[in-house]
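First comes the structure, then the notes that go with it.
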């Protein structure tokens, strides 16, 4: 049986007296949607959002004004806890006299729209775990294998296989050694077909050294023996 690590609590949802009732209500709601043939929320994502295969916990409500200037791309095999927020075109200018959005329905609905206020696209890699109530600001890239702690506010890029926590989010530690991270990024197991992933599941859910020792590259050399090198371009 897999044991929780000392960092697992960073991504847990805080205890809540009403959480059990909420989970029951959401379960019944999901069964109702299925019974009457409504598509899942995953099928109703807003425009300018793309999600890779087998990623879960993604709902349309977690995206704040994605746009052509601020799209969001989420890779494969990502896990999102409750109440995550991902910002797109939703910033306010701080270099102007006022940060208020005058050219909006809040003040002048008929005025020509103001230029987008955003830091750009959000890119979330593969095999990323995002804890409950985390906030990801526009313009951020989160690398493959990263972990975002519960309640973190991510305002800058996150390196691959790095645990980030806090407000603003800061690195806590790397999940593996530089050599192991380089090997995983070169291997890109999330691109394997599902059949191979299912066959390798005991190793994927096991120790990193055992996994890398068991998976050999095209030359027959164990990936764990490769020297560190930058990940290939994406």
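Numbering (this note's numbering), first residue to last: 2 to 235. For glycine and all other residues, C-beta sits at the position ideal for the given N, C-alpha and C. Just so it is clear, the structure is predicted and the values come from calculations on it, not from any experiment.
Can you list, in chain order, the residues of its chain whose CB lies under 8 Å from that of residue i, leaving out five sequence neighbours each side?
i, result
"residue 137", "85, 86, 87, 88, 123, 125, 131, 143, 149 and 155"
"residue 93", "100, 101, 102 and 118"
"residue 56", "75, 76, 77, 78, 79, 80 and 81"
For the candidate residues the options, whose alpha-carbon lies nearest to that of residue i?
i, options, result
"residue 129", "82, 120 and 118", "82"
"residue 210", "196, 180, 162 and 78", "180"
"residue 170", "158, 139, 176 and 63", "158"
"residue 177", "147, 62, 108 and 127", "147"
"residue 61", "55, 54 and 46", "46"
"residue 54", "197, 152, 127 and 201", "127"
"residue 133", "153, 104 and 108", "153"
"residue 120", "141, 135 and 104", "141"
Using the rule of at least 16 other Cβ atoms within 10 Å of the residue's Cβ for burial, across every protein chain shown, is residue i buried or exposed?
i, result
"residue 194", "exposed"
"residue 163", "buried"
"residue 161", "buried"
"residue 40", "Bear in mind that the predicted position of residue 40 carries a pLDDT of just 46, short of 50, making it unreliable; the figure below should be weighed with that in mind. Result: exposed."
"residue 29", "exposed"
"residue 98", "exposed"
"residue 145", "buried"
"residue 139", "buried"
"residue 26", "exposed"
"residue 212", "buried"
"residue 78", "buried"
"residue 112", "exposed"
"residue 110", "exposed"
"residue 105", "exposed"
For residue i, which residues of its own chain have a beta-carbon under 6 Å away from its beta-carbon, when the five flanking residues on both sides are left out?
i, result
"residue 174", "164"
"residue 168", "154"
How big is the Cα-Cα spacing for residue i and residue j?
i, j, result
"residue 215", "residue 172", "30 Å"
"residue 58", "residue 80", "6 Å"
"residue 64", "residue 185", "29 Å"
"residue 68", "residue 90", "6 Å"
"residue 200", "residue 135", "33 Å"
"residue 198", "residue 166", "29 Å"
"residue 96", "residue 151", "31 Å"
"residue 239", "residue 116", "Nothing in the structure corresponds to residue 239, since the chain is present only between 2 and 235."
Could you name the residues of the same chain whose beta carbon sits closer than 7 Å to that of residue i, not counting the 5 residues immediately before and after it, in chain order?
i, result
"residue 230", "For residue 230, the pLDDT reaches just 40, beneath the cut-off of 50, and the residue's location in the model is therefore unreliable, although a value from the coordinates is still provided. So the list reads 183, once near-sequence residues are dropped."
"residue 66", "89, 90 and 91"
"residue 196", "none"
Would you say residue i reaches chain B, if we count a Cβ-Cβ gap shorter than 7 Å as a contact?
i, result
"residue 81", "Among the chains in the structure shown there is no chain B, since it carries only a single protein chain."
Does the contact criterion of 3 or more C-beta pairs under 8 Å hold for the segment 45-61 versus the segment 71-80? yes
Below 8 Å, how does it come out for the segment 201-216 and the segment 181-190: are there three or more Cβ pairs, yes or no? yes
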